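Chemist: Residue numbering for the sequence shown follows this note's numbering, starting at 132 and increasing by one per position.
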Amino acid sequence: MSAAAERSRNEPIEPDRLDPFSTPREVDRVFGHDAAAAEFESALRSGRMHHAWLLVGPEGVGKATLAYRFARTVLAHGEKAEAQDVPGEHPVFRKVAGLSHPNLLLIRRSWIEKTKRYSQWISVDEVRRLRAFLGNTAGAASWRVVIVDRADELNQNAANALLKALEEPPPRTLFILISNAEGRLPVTIRSRTRVLRVPGLDDAPLEQAVRAALDRDGVKANAKDLALSLALSQGSVRRALELVSEQGDRTL
Numbered sequence: 132m133s134a135a136a137e138r139s140r141n142e143p144i145e146p147d148r149l150d151p152f153s154t155p156r157e158v159d160r161v162f163g164h165d166a167a168a169a170e171f172e173s174a175l176r177s178g179r180m181h182h183a184w185l186l187v188g189p190e191g192v193g194k195a196t197l198a199y200r201f202a203r204t205v206l207a208h209g210e211k212a213e214a215q216d217v218p219g220e221h222p223v224f225r226k227v228a229g230l231s232h233p234n235l236l237l238i239r240r241s242w243i244e245k246t247k248r249y250s251q252w253i254s255v256d257e258v259r260r261l262r263a264f265l266g267n268t269a270g271a272a273s274w275r276v277v278i279v280d281r282a283d284e285l286n287q288n289a290a291n292a293l294l295k296a297l298e299e300p301p302p303r304t305l306f307i308l309i310s311n312a313e314g315r316l317p318v319t320i321r322s323r324t325r326v327l328r329v330p331g332l333d334d335a336p337l338e339q340a341v342r343a344a345l346d347r348d349g350v351k352a353n354a355k356d357l358a359l360s361l362a363l364s365q366g367s368v369r370r371a372l373e374l375v376s377e378q379g380d381r382t383l
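1. Check each candidate in V158, D165, D150, V205 and name the one with the smallest Cα separation from R176.
2. Would W252 pass as a contact of E210 if the rule is Cβ separation under 9 Å?
3. Inspect the beta-carbon positions of W184 and F201 and report whether they are closer than 9 Å.
4. What is the DSSP secondary structure of A352, counted as helix, strand or coil?
5. Nearest-angstrom Cα distance between V158 and P151?
6. Start and end of the beta strand (DSSP E) containing T304?
7. For the 8 Å Cβ check, are there 3 or more pairs between the segment 219 to 229 and the segment 255 to 268?
8. Return the chain-ordered list of same chain residues with a C-beta closer than 8 Å to the C-beta of P218, the five sequence neighbours on each side being excluded.
9. Could you please give me the residues that DSSP links to L185 through a beta bridge?
10. From L337 to V368, what does the alpha carbon distance come to, in whole angstroms?
11. Can you tell me whether DSSP reads L235 as helix, strand or coil?
12. Could you tell me the alpha carbon to alpha carbon distance between S139 and P233, rounded to whole angstroms?
13. Identify which residue in E298, P300, T324, R240 has its Cα closest to the Cα of N286.
14. Should G191 be labelled buried (16 or more other beta-carbon atoms within 10 Å of its own) or exposed?
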């Protein structure tokens, strides 16, 4: 059974998650972004890696999947990173997938129990969780990773709070910011990051990624629907999966 299928029905669907597919942190392979992965891993091995990376590109092309690959690589290997992902059976992979790794912090829109919805913006209270996370000396000797998904959803106060952390980062701390809309980010934040552009996928890796998602999560699609979804997706795995799901719903 897939990780997506095992989740409790009582859990709120995560922001931006496409049901019934696995979340990006549960995906064990990245398709079509070898150059981006190589750029990051080369910087990590050099020992002079920038402390903050901004992954920008269209929605659904694999930015978050890449971000979690980078997090796993850093947490499992540090500067001794190899040019491959951490395997699914590795303890670090499982802990990152479950958001239970003590040296990983995910900042995102928060769930509001009263309204049963996620907030529209990432609040300053969410960003303030950085204080305790970065102030914890227990993991100070190892790498710590902060993922902001998505940085263009920060409200002004939250952006200001994040900026302070980016200006004076503790040693061996990596910030990975994800954005679908680079222009919405304050210039002050953009200027303190290394921008890594993540483009839409070419046809072959797009089809590989979509087929892998369908197989992983047990979703069936006929050849005609799959071909049409791929053709209309504009290089976005998410859009292709949305279209496949819509076609499947129409046949029920």
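Virtual Cβ for every residue (Gly too), placed ideally from N, Cα, C.
The structure presented is a predicted model; accordingly, all values stated were derived computationally and were not measured.
Modeler: Taking the geometry as given:
1. V205
2. no
3. yes
4. coil
5. 13 Å
6. 304 to 310
7. no
8. D159, F224
9. L308, V326
10. L337 and V368: Cα-Cα distance of roughly 6 Å.
11. strand
12. Because the pLDDT at S139 is just 40, under 50, the model does not fix this residue reliably, and the point stays unresolved.
13. Minimum Cα distance to N286 is reached at R240.
14. buried
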